[in-house]
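One structure is given here, and the rest of the page talks about it.
Numbering (the working numbering), first residue to last: 20 to 560.
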């Protein structure tokens with residue numbers, strides 16, 4: 020591990036945590052410091068490039084495939100590296116944060132893959148960042164168990180061969196880790212903290228287990244950002260002395276700009292690429308964010324009315340499958356976010372049928388696997404993919420050459436026959452307040468109205484409120500969406516929550532703070548790029 024001596028990193032404004040010294044070792048922090056020294060300047064340049072591109076979209080109200088990379092798209096000779104055995108069959112993947120109970124349940128769930136999430140399903144408190152790493156180390160060394168203090172129920176790992184393969188998701192490029200700074204006081208990007216600590220401690224350990232350091236890359240907006248990740252992987256593998264190509268990355272195509280660069284993203288990562296994923300909610304959020312001032316034809320209806328059968332969403336998912344299979348990569352479908360009710364069998368029956376139809380469609384379209392948010396949904400998704408795959412690990416041989424997607428198809432928002440409703444506005448406010456309140460308590464994955472909500476759904480909620488106000492949308496009840504109407508709905512929701520949970524619980528929570536923050540990011544003239552940026556300033560811990 021020969022490397023120049025890096026500037027030391029300092030832990031600031033953080034209470035000591037039990038066993039943190041096992042994660043924050045001098046050697047691990049030296050590695051993170053070297054990642055920071057080498058790659059943060061390029062990260063900063065790429066964030067500036069995002070702003071320039073957004074300004075261009077505001078000016079033109081359009082996007083197109085890149086002319087400067089046409090040769091990469093036209094060259095049929097290149098493929099991504101073959102999938103390692105542990106990632107060849109991905110027919111069902113479960114997602115969730117890396118708290119101790121979830122770590123055990125996800126690994127035991129029967130899913131082929133667990134997306135161990137340090138991003139949208141995790142609020143980035145220092146405790147969550149550090150103990151999440153510790154939980155994964157403990158899982159790989161089989162030093163993990165958990166007893167629920169409330170129920171007395173105990174949880175322990177099944178045998179290794181029955182456990183899901185972990186694909187870890189670090190934070191996006193835009194978020195810094197305020198508790199870890201260099202000698203000049205500059206915070207390290209959260210992406211490099213999450214990746215660096217996990218990779219340093221577990222890369223060799225995972226190889227010894229017959230697996231490897233596998234990653235989901237979130238919020239990617241261009242192939243240049245994928246190139247940066249690839250350079251991080253090349254450096255990291257040399258640093259710890261493992262073979263090049265050991266790292267495998269699946270990129271979430273969850274921004275509208277990335278949808279126009281799918282092949283280029285795979286090309287940049289080709290020695291380390293495992294596949295692409297269709298991240299539905301962040302994708303819709305990205306469409307609103309980028310085209311928020313593009314006029315009525317870019318106004319999205321209620322988020323629950325934007326199903327995967329909407330023409331512009333079909334264009335996106337079918338292009339993803341075709342692109343992946345052309346290049347030998349896995350195509351992973353979207354999230355089934357339903358959380359089963361322990362009290363209402365009828366709610367479950369209706370929801371399970373929707374989940375089954377969604378997974379049947381994905382399997383029939385050529386996807387190689389899909390996501391669920393709850394262990395009870397694993398058998399349903401598994402059945403859908405088993406019917407199509409049988410004993411085959413994937414269906415990469417389905418090249419989908421019948422798919423022809425034009426640039427304008429991806430942003431044909433007005434092809435959807437649905438309009439914003441008053442109920443949709445209320446739901447956006449409800450989800451926004453309830454999610455932000457939990458996030459401020461350190462919870463990133465929250466069950467709200469029988470759906471698992473994460474930061475992506477809060478982003479779409481607040482973005483739609485912003486868009487509807489600024490586009491002067493008139494709802495189905497004849498009311499025009501204004502800042503005053505949003506404030507009225509938010510005040511009513513706050514009162515409803517107070518009545519629903521009682522004075523004591525209301526006072527103990529962050530409800531007023533969540534209400535105020537939702538209105539801030541929904542009503543401010545200057546649209547915040549990410550809700551989590553102002554929210555992080557208010558997050559304790």
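Where is the CB? At the ideal position from N, CA and C, for every residue including glycine. All figures in this text were calculated on a predicted structure; none of them were measured in a lab.
Residue i versus residue j: straight-line alpha-carbon distance, rounded
i: residue 308; j: residue 548; result: 8 Å
i: residue 388; j: residue 376; result: 14 Å
i: residue 179; j: residue 91; result: 40 Å
i: residue 485; j: residue 540; result: 8 Å
i: residue 482; j: residue 286; result: 32 Å
i: residue 119; j: residue 266; result: 25 Å
i: residue 66; j: residue 274; result: 14 Å
i: residue 60; j: residue 246; result: 14 Å
i: residue 499; j: residue 282; result: 42 Å
i: residue 200; j: residue 51; result: 11 Å
i: residue 214; j: residue 493; result: 45 Å
i: residue 311; j: residue 479; result: 12 Å
i: residue 414; j: residue 359; result: 30 Å
i: residue 202; j: residue 55; result: 12 Å
i: residue 27; j: residue 556; result: 25 Å
i: residue 82; j: residue 186; result: 31 Å
i: residue 115; j: residue 107; result: 21 Å
i: residue 313; j: residue 211; result: 34 Å
i: residue 268; j: residue 331; result: 26 Å
i: residue 362; j: residue 205; result: 50 Å
i: residue 569; j: residue 222; result: Any question about residue 569 goes unanswered here, given that the chain covers just 20 to 560.
i: residue 93; j: residue 346; result: 12 Å
i: residue 463; j: residue 29; result: 26 Å
i: residue 511; j: residue 317; result: 29 Å
i: residue 195; j: residue 57; result: 16 Å
i: residue 216; j: residue 42; result: 7 Å
i: residue 244; j: residue 496; result: 44 Å
i: residue 171; j: residue 121; result: 16 Å
Exposure of residue i, with buried meaning 16 or more beta-carbon neighbours within 10 Å
i: residue 251; result: buried
i: residue 110; result: buried
i: residue 396; result: buried
i: residue 468; result: exposed
i: residue 476; result: buried
i: residue 342; result: buried
i: residue 173; result: exposed
i: residue 20; result: Because residue 20 carries a pLDDT of 48, less than 50, the predicted location of this residue cannot be relied on, and the following value inherits that uncertainty. It counts as exposed.
i: residue 62; result: buried
i: residue 239; result: buried
i: residue 89; result: exposed
i: residue 48; result: buried
i: residue 552; result: exposed
i: residue 521; result: exposed
Same chain, Cβ closer than 8 Å to residue i, five either side skipped, listed in chain order
i: residue 257; result: 263
i: residue 36; result: 145, 146, 149, 150
i: residue 420; result: 341
i: residue 531; result: 513
According to DSSP, residues forming a beta bridge with residue i
i: residue 349; result: 294
i: residue 388; result: 351
i: residue 135; result: 115, 187
i: residue 267; result: 233
i: residue 196; result: 207
i: residue 96; result: BP columns for residue 96 are empty, so no partner.
i: residue 549; result: In the DSSP output, where bridge partners are listed per residue, residue 549 has none listed.
i: residue 465; result: 472
i: residue 357; result: 470
i: residue 272; result: 297
i: residue 173; result: 166
Beta-carbon contacts of residue i that lie in its chain and below 7 Å, excluding the five residues immediately before and after
i: residue 592; result: The question about residue 592 has no answer, for the chain in this structure spans 20 to 560.
i: residue 280; result: 85, 241, 242
i: residue 33; result: 145, 198
Contact set for residue i: own chain, Cβ-Cβ below 6 Å, skip 5 residues either direction
i: residue 85; result: none
i: residue 382; result: 403, 404, 407
i: residue 113; result: 125, 128, 130, 133, 391
i: residue 182; result: 126
i: residue 447; result: 480, 483, 484
Test: residue i CB closer than 8 Å to a CB of chain C
i: residue 527; result: Absence of chain C from the displayed structure is noted, only one protein chain being present.
Next on the checklist: Below 8 Å, how does it come out for the region 427-445 and the region 321-328: are there three or more Cβ pairs, yes or no?
Outcome noted: yes
Checklist entry - Would the region 418-428 and the region 99-108 be scored as touching if the rule is three or more Cβ pairs under 8 Å? => result no
Item to check | Validate contact between the region 346-355 and the region 279-298 using beta carbons, cut 8 Å, 3 pairs | outcome: yes
Checklist entry - Can we say the region 451-461 touches the region 362-370, given the rule of at least three CB pairs closer than 8 Å? => result no
Checklist entry - When the Cβ atoms of the region 131-138 are set against those of the region 185-197, are three or more pairs found closer than 8 Å? => result yes
Item to check | Meets three-Cβ-pair contact criterion under 8 Å: the region 222-234 and the region 163-174 | outcome: no
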